[in-house]
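**Student:** Below is a structure I'd like to ask you about.
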DNA sequence: GACAGAATCTAGAGCGCTCTAGATACTACT
DNA sequence: AGTAGTATCTAGAGCGCTCTAGATTCTGTC
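The following block contains the structure:
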C-alpha cells in the first residue's frame, strides 16, 4: 500500500511540504491556525511522521543509543530508569539494543546502534574486551555504565568498596571462614574479588574463592560440594544476587537457616533479594543513579567530543537483611 | 565531523557505490575477491553502514517493532526472549520501545515505532483502550501479546482458565473463604476476576474481592486491613505475583506462615516467585511461548495484511510451591 | 577467433524528509 | 500612501543509501 507522505498532506491541506514539516516538529514560524489545520489533515489521512527520512535529512539524530545486557536481571531495569529520566529531561529519544546470551554478539549490537546514527551510546553491562570497546567509541561516543573501560567515559560503582563492605560486615559479625563465590573470569569485573581479598588480608585471614557459573542451579551444585566437604565455611559472599540465590537454594535443600546456620551476602540489590522470606543481605550499587550519570555523560560528550574521557565513581552501600548473623557456636 | 559514506569507500576501493552497497549486504553478484577488498577498505576508513539511509531507500524495513510495558517485571523479559528467538530465525531485526509509568504514553511509543517504519509491531502488555489500539493497527500491523484486543491479532494466555486453576487449587485444599486481590480496573485484564468468581460460584461459595493498586506496599496495606478485620480469610488469590508479594510481606510482618496459617497464590510465575524462602504458588503463562506466537503472527501478517485477525490462546498451568496448604483448624 | 551466455560491475533516479534562501503577506509607523 | 520590519510561507537542493536497467568482462564452445 502506498504510504501517506508529507507531500500528500501538503497537497490536501493546500500548503507546501516545508510547512507541513515545520508543523509536525512544532517549530516556530507556523501560525497556530495553520498548524492545527495541517495536523488535522494529517490525522485524517492517517499520516505518520517518517523519522527515517527525517533522520536522513538531518544527518543523524540526537537520540541516544542504549545497550542493556540482560532483561532478566532487574539491575538493568534500574539503570534504564535512570537513563530514561535524564534523556527525557533533555528531550532525547532512546534507541535500545539488548544483549543476547552469546557475548560475541555485543559488538554486533553496538554496530547496529551506530548504524542508526545515534548521537552517543550508553552501554550497561557491555561484555566486550576493553580494546574493542575503545575502537567502537572512536566511531560513536560511548559511555560505559556499571563498568570501567580505560579511555572511555565510564560511570561505575566501586566494586572494591562494595566487596570490602560485604566482607567486613561478615567479619564484624564474627565470621572467620568466609568463602567468595566468584563469577567466571571476565574483563572489568575483578574488583569484587580483590575487595574481598583485601578485607580478608586486613583481618589476617586466608581467602577462599570458588569460581562459579552464571546459572543459579550450577551455583547450587558448587555450594553443595562446598558444604559437603570436611570444612564448610560459616559465611559466603557471592559476586551477585543470582549466585547468592543459588547458595540459598542449597541451604534450603539442606535444611540450614540462612543468617543463623550460614550467613550469605549477595551483590546488586536486585528486586528478588527483597522477596519476603528471602531477605538477602546485599550490596546496593544504586543503579538508577548510575544510569543517570551515564546518560548525563553521554549528552555532555555529544557537545564536546574531544574532552578527555570522564569518570564517575560512586560508592555502593550495604543493605542488611536477614541472611546474615553471627556464626553458630 | 564529516562521516564516512559509501561514496568514500567506493572511491577509495576504486569501484562504484552500488557495488559497495551490494558488498555490505552480502548480496549475490559480487566476486569474493572484490567483496573482501571493499569490506577491508570500509573497515580501514571506519565506515559504518548507514541503516537510516538504507531504510529510506528501501521504503521501510523488515524489522519488527516490540513494545514492552515494564522492564521491572520479568514476565516481559520472558516474552522478549520468545519474540527474539523467532525474529532471529526469520532474520528480522527488532526495534524496542519501553512503556513508561504513565500509561497515556503507550500511544506515543506506538507512534514512534510506526515512525521508524517497522513492518509490524508486537506489543506486550499494552495498556491502551481497545479502540485506540485498533486505530493504530490500521497504520502498522499490530499483534497484542498477553492480552486480547478484538479485531487485532492477539496471542494470549487464557486468564479465565488460570484464575480457575488457582482458585480450584485452594478449594481443593479445603479453603472456603478465598479473597481475590484484583488489579485496578483496566481493559483486557478482567478475566482473572471472572475466573475466580466462576470457580467460587461453582463451589457454592460467595466471592470476596479487594481492589488494590499496583504497588507492593499499598497491597500490603490493603492486606493489613483485611487481616485485622473480624473475618480474615484463610486464603488469598492475587491477580499477579507482585500483589501476592505484598500479601506475603504483611503475613511476615504479622508473624503468620504462608502455606500454613494463610495460603497465597500469585499469577505470572515471575522469577521472584521462585526465590528461596518465598516459593510462591502461582500460575505460569509461559511467556516465552507467548512471545514466540506473537512474533510468528507478526511475521505472518506482513506477508498477508488482509487476512482476518488471528487469535492464539494458550492455557496457563499451575505451579505449586510452598505458599499453599490446607487451612488451619 | 567469433560468439553466446553467465558473471560482474556501473550510472542515475528516487526514497521522504529538512534546510537554506528567498518570496509574499501582514503590521505598525511616519 | 509609503516603507521598514516582522510573521508566515515556499521552492528546490541534498541527506546516503537501494534499485532498475544496462554496460562490460569473462567463460566456454565450435
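Residue numbers (the numbering used here), protein chains in the order written: chain A, 12 to 340; chain B, 12 to 340. Glycine included, every Cβ here is placed at the ideal spot set by N, Cα and C.
Along the chain, where does the alpha helix (DSSP H) that runs through residue 19 of chain B open and close?
**Tutor:** Taking the first residue of the second chain as position 1, residue 19 of chain B is located at position 8. First-last of the alpha helix (DSSP H) with residue 19 of chain B: 17-24.
**Student:** Is there at least one Cβ from chain B nearer than 7 Å to residue 115 of chain A's Cβ?
**Tutor:** Here residue 115 of chain A refers to the residue found at position 104 of the first chain. No, because no Cβ of chain B sits closer than 7 Å to the Cβ of residue 115 of chain A.
**Student:** Who does residue 76 of chain B pair with in a DSSP beta bridge?
**Tutor:** Residue mapping note: residue 76 of chain B aligns to position 65 of the second chain, counting from 1. B:106 and B:132.
**Student:** Report yes if the C-beta distance between residue 243 of chain B and residue 259 of chain B is below 7 Å; otherwise report no.
**Tutor:** In the second chain, the residue the question calls residue 243 of chain B occupies position 232. In the second chain, the residue the question calls residue 259 of chain B occupies position 248. No, these two residues do not count as a Cβ contact at 7 Å.
**Student:** Give the secondary structure of residue 167 of chain A by DSSP, where H, G and I count as helix, E and B as strand, and everything else as coil.
**Tutor:** Taking the first residue of the first chain as 1, we reach residue 167 of chain A at position 156. Residue state, collapsed to three classes: strand.
**Student:** Under 7 Å between C-beta atoms, does residue 287 of chain B make it to chain A?
**Tutor:** Position 276 of the second chain, counted from the first residue, corresponds to residue 287 of chain B. Yes, contact with chain A.
**Student:** So which of A:129, A:97, A:93 and A:100 has the shortest CA-CA distance to residue 108 of chain A?
**Tutor:** Reading the first chain from its first residue, position 97 is the one you call residue 108 of chain A. Comparing Cα positions, the closest option is A:129.
**Student:** CB-CB under 6 Å to residue 12 of chain A, same chain, minus the five flanking residues each way: which ones, in chain order?
**Tutor:** Residue mapping note: residue 12 of chain A aligns to position 1 of the first chain, counting from 1. For residue 12 of chain A, the pLDDT reaches just 48, beneath the cut-off of 50, and the residue's location in the model is therefore unreliable, leaving the point undetermined.
**Student:** Give the residues of chain A in contact with residue 283 of chain B, contact being defined as C-beta atoms less than 7 Å apart.
**Tutor:** What you label residue 283 of chain B is simply residue 272 of the second chain in a count that begins at 1. Going along chain A in sequence order, the residues near residue 283 of chain B (Cβ under 7 Å) are 282, 283 and 286.
**Student:** For the beta strand (DSSP E) holding residue 249 of chain A, just list the boundary residues, first then last.
**Tutor:** Residue 249 of chain A sits at position 238 when you count from the first residue of the first chain. 246-249 is the span of the beta strand (DSSP E), which, as asked, contains residue 249 of chain A.
**Student:** Give the interface partners of residue 267 of chain A over in chain B, defined as CB-CB distance under 8 Å, in chain order.
**Tutor:** Position 256 of the first chain holds residue 267 of chain A. What residue 267 of chain A touches in chain B: nothing, since even the nearest Cβ is about 11 Å away.
**Student:** Contact defined as beta carbons within less than 8 Å: I believe residue 163 of chain B pairs with residue 77 of chain B. What is the distance between those atoms, to the nearest angstrom?
**Tutor:** Sequence index remark: in the second chain, residue 163 of chain B carries index 152 (1-based). Sequence index remark: in the second chain, residue 77 of chain B carries index 66 (1-based). 16 Å between Cβ atoms; not a contact.
**Student:** Against residue 61 of chain A, what residues of chain B qualify as contacts under a CB-to-CB distance less than 7 Å, listed in chain order?
**Tutor:** Taking the first chain and counting its residues from 1, the one referred to as residue 61 of chain A is at position 50. Near residue 61 of chain A (Cβ distances below 7 Å), the residues of chain B are 126 and 128.
**Student:** In chain order, what residues of the stretch 212-245 of chain B put their CB closer than 8 Å to some CB of chain A?
**Tutor:** Listed in sequence order: no entries.
**Student:** Could you tell me whether the stretch 109-128 of chain A touches the stretch 162-176 of chain A, using the rule of 3 or more Cβ pairs below 8 Å?
**Tutor:** At 8 Å Cβ cutoff, the stretches do not touch.
**Student:** Tell me, please, whether the CB atom of residue 260 of chain A is closer than 7 Å to any CB atom in chain B?
**Tutor:** Position 249 of the first chain holds residue 260 of chain A. Taking Cβ atoms only, chain B reaches closer than 7 Å to residue 260 of chain A, which makes this a yes.
**Student:** Identify, in the order they occur along the chain, each residue of the same chain with its Cβ nearer than 7 Å to the Cβ of residue 216 of chain B, setting aside the five sequence neighbours on each side.
**Tutor:** Counting from 1 along the second chain, the entry for residue 216 of chain B is found at position 205. 187.
**Student:** Closest by CA to residue 72 of chain A, which one among A:303, A:170 and A:124?
**Tutor:** Stepping through the first chain from its first residue, residue 72 of chain A is reached at position 61. Residue A:124 is the option with its Cα nearest to residue 72 of chain A.
**Student:** Run through the stretch 138-162 of chain B for me and flag every whole beta strand (DSSP E) of 3 or more residues, listed as ranges in chain order.
**Tutor:** 153-156, all fully within the stretch 138-162 of chain B.
**Student:** Please state the DSSP three-state secondary structure of residue 191 of chain B.
**Tutor:** As a working note, residue 191 of chain B is residue 180 in the second chain. The answer is strand: DSSP assigns residue 191 of chain B an E or B state.
**Student:** So that I know if they touch, is there some Cβ in chain A lying closer than 7 Å to that of residue 150 of chain B?
**Tutor:** Here residue 150 of chain B refers to the residue found at position 139 of the second chain. Yes, because at least one Cβ of chain A sits closer than 7 Å to the Cβ of residue 150 of chain B.
**Student:** Ends of the alpha helix (DSSP H) at residue 49 of chain A?
**Tutor:** On the first chain, position 38 is the one that residue 49 of chain A refers to. Note, residue 49 of chain A: alpha helix (DSSP H), 43-56.
**Student:** By Cβ distance below 6 Å, which residues in the same chain neighbour residue 219 of chain B in space, the five residues on each side in sequence not counted?
**Tutor:** In the second chain, the residue the question calls residue 219 of chain B occupies position 208. If we look at residue 219 of chain B and ignore the five residues flanking it on each side, its Cβ neighbours are 190.
**Student:** How do the stretch 230-244 of chain A and the stretch 202-211 of chain A stand: do at least 3 beta-carbon pairs fall below 8 Å, yes or no?
**Tutor:** Because the criterion of three Cβ pairs below 8 Å is not met, the stretch 230-244 of chain A and the stretch 202-211 of chain A do not touch.
**Student:** Starting from the N-terminal side, write out each stretch of the beta strand (DSSP E) that is 3 residues or longer and does not extend beyond the stretch 260-332 of chain B.
**Tutor:** Qualifying beta strand (DSSP E) stretches, in chain order: 274-276, 293-295, 322-325 and 328-330.
**Student:** Look at residue 86 of chain A and residue 281 of chain A and say whether their C-beta atoms are less than 7 Å apart.
**Tutor:** For the purposes of this step, residue 86 of chain A is taken as residue 75 along the first chain, with counting starting at 1. For the purposes of this step, residue 281 of chain A is taken as residue 270 along the first chain, with counting starting at 1. For residue 86 of chain A and residue 281 of chain A, yes; Cβs fall inside 7 Å.
**Student:** Check for me: the alpha helix (DSSP H) holding residue 219 of chain A runs from which residue to which?
**Tutor:** As a working note, residue 219 of chain A is residue 208 in the first chain. Where residue 219 of chain A is concerned, there is no enclosing alpha helix (DSSP H), although the beta strand (DSSP E) it sits in stretches over 219-222.
**Student:** Tell whether a beta-carbon distance below 7 Å holds between residue 93 of chain A and residue 302 of chain A.
**Tutor:** Locating residue 93 of chain A in the first chain gives position 82, where the first residue counts as 1. Locating residue 302 of chain A in the first chain gives position 291, where the first residue counts as 1. Yes, the Cβ-Cβ distance between residue 93 of chain A and residue 302 of chain A is below 7 Å.
**Student:** Could you pull the start and end residues of the alpha helix (DSSP H) that residue 201 of chain B belongs to?
**Tutor:** As a working mapping, residue 201 of chain B is identified with position 190 in the second chain. It is not in any alpha helix (DSSP H) - residue 201 of chain B carries neither H nor E in the DSSP assignment.
**Student:** Just by C-beta distance, which residues in the stretch 39-61 of chain B are closer than 7 Å to chain A?
**Tutor:** Correct list: 57, 59, 60 and 61.
**Student:** Taking three-plus beta-carbon pairs below 8 Å as touching, is the stretch 311-331 of chain A in contact with the stretch 15-34 of chain B?
**Tutor:** No, they do not touch.
**Student:** Considering only C-alpha positions, which residue in the set B:230, B:228 and B:104 is nearest to residue 62 of chain B?
**Tutor:** What you label residue 62 of chain B is simply residue 51 of the second chain in a count that begins at 1. Taking only the C-alpha atoms, the option nearest residue 62 of chain B is B:104.
**Student:** Hey, out of A:329, A:21 and A:335, whose CA is closest to residue 271 of chain A's CA?
**Tutor:** For the purposes of this step, residue 271 of chain A is taken as the residue at position 260 of the first chain. Checking every option, the nearest Cα to that of residue 271 of chain A belongs to A:335.
**Student:** Residue 37 of chain B: buried (16+ other C-beta within 10 angstroms of its C-beta) or exposed?
**Tutor:** What you label residue 37 of chain B is simply residue 26 of the second chain in a count that begins at 1. Counting Cβ neighbours within 10 Å, residue 37 of chain B comes out exposed, since fewer than 16 surround it.
**Student:** Going by beta carbon distance, what residues of the same chain come within less than 6 Å of residue 298 of chain A, once the five residues before and after it are set aside?
**Tutor:** As a working note, residue 298 of chain A is residue 287 in the first chain. Once the five neighbours on either side are set aside, the close Cβ partners of residue 298 of chain A are 86, 89 and 90.
**Student:** What are the boundary residues of the alpha helix (DSSP H) that includes residue 238 of chain B?
**Tutor:** Here the question's residue 238 of chain B lines up with position 227 in the second chain. Residue 238 of chain B -> alpha helix (DSSP H) spans 227-239.
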